[in-house]
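Count along the sequence shown starting at 1, add 50, and that's the number in our numbering. From the three backbone atoms N, C-alpha and C, an ideal C-beta is built for every residue, glycine too. Every value quoted in this text rests on a predicted model; they were computed, and no experiment measured them. Worksheet: the structure to be examined is printed underneath.
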Amino acid sequence: MLKGTFPVEKFKQLSTPFYYYDVKLLQDTLDVVKTESGKYGYHVHYAVKANANPRILSIIATNGLGADCVSGGEVQAALDAGFPADKIVFAGVGKADWEINLGLEYGIFCFNVESIPELEVINELAAAQNKIANVAFRINPDVGAHTHANITTGLAENKFGISMQDMDRVIDVALEMKNVKFIGLHF
């Protein structure tokens, strides 16, 4: 078989369903991502929700990317695959206490926070562990991306994130809390 070709004959012998991952193509892509992002000093985080296959995650982790997670299960998958905790961002909506505690226990880099009540929970759980949690605020810019109506998240009516007009107030609230550290904004 030629390098980089699709092994159709081999696939005919396999039961379905199955997934085929071209790890050479993945590595080539990761090399480009690292080179291009490095030119500008950016650090790329892979969205674990796109594919949580342990081998794929391990390859991505080995290449130095961070992990963007939307659940405690994804945080655990990232940790298990070898992502350093300080390269994991937890951006999920409706985080359960156990998920927040998991992130706190491992010292993940940041929680992307959707609301003041979520911020208060993170502060309380961090205090119980005698830790300080890095937080960024997911800001809803009320700007349409002209995507499909069922996946739109950036408009005020979508109710995701903190509105632009509340941003300063929410930052002030965070700055008064002892167990969270405001480190940035997430859009």
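Proximity of residue i and residue j at Cβ, strictly below 8 Å
{"i": "I184", "j": "K228", "result": "At residue 184 the sequence reads Asn, which differs from the Ile that was named. Cβ atoms of N184 and K228: not closer than 8 Å."}
{"i": "A135", "j": "D118", "result": "no"}
{"i": "Y71", "j": "I106", "result": "yes"}
{"i": "E164", "j": "G211", "result": "yes"}
{"i": "A146", "j": "H236", "result": "no"}
{"i": "V223", "j": "I166", "result": "yes"}
{"i": "V83", "j": "G116", "result": "no"}
{"i": "A177", "j": "L154", "result": "no"}
With 16 other Cβ atoms within 10 Å as the buried cut-off, status of residue i
{"i": "D130", "result": "exposed"}
{"i": "L225", "result": "exposed"}
{"i": "I138", "result": "buried"}
{"i": "H196", "result": "Bear in mind that the predicted position of H196 carries a pLDDT of just 45, short of 50, making it too unreliable to give a figure here."}
{"i": "N190", "result": "buried"}
{"i": "L75", "result": "exposed"}
Nearest candidate by alpha-carbon position, reference residue i, set the options
{"i": "A100", "options": "E86, F161, A127", "result": "A127"}
{"i": "F187", "options": "A176, A177, L175, L169", "result": "L169"}
{"i": "I221", "options": "N162, N113, L154", "result": "N162"}
{"i": "A102", "options": "I182, G132, I150, M214", "result": "G132"}
List in chain order: all unbroken alpha helix (DSSP H) runs of 4+ residues lying wholly within the segment 151–195. Runs found: 166–178.
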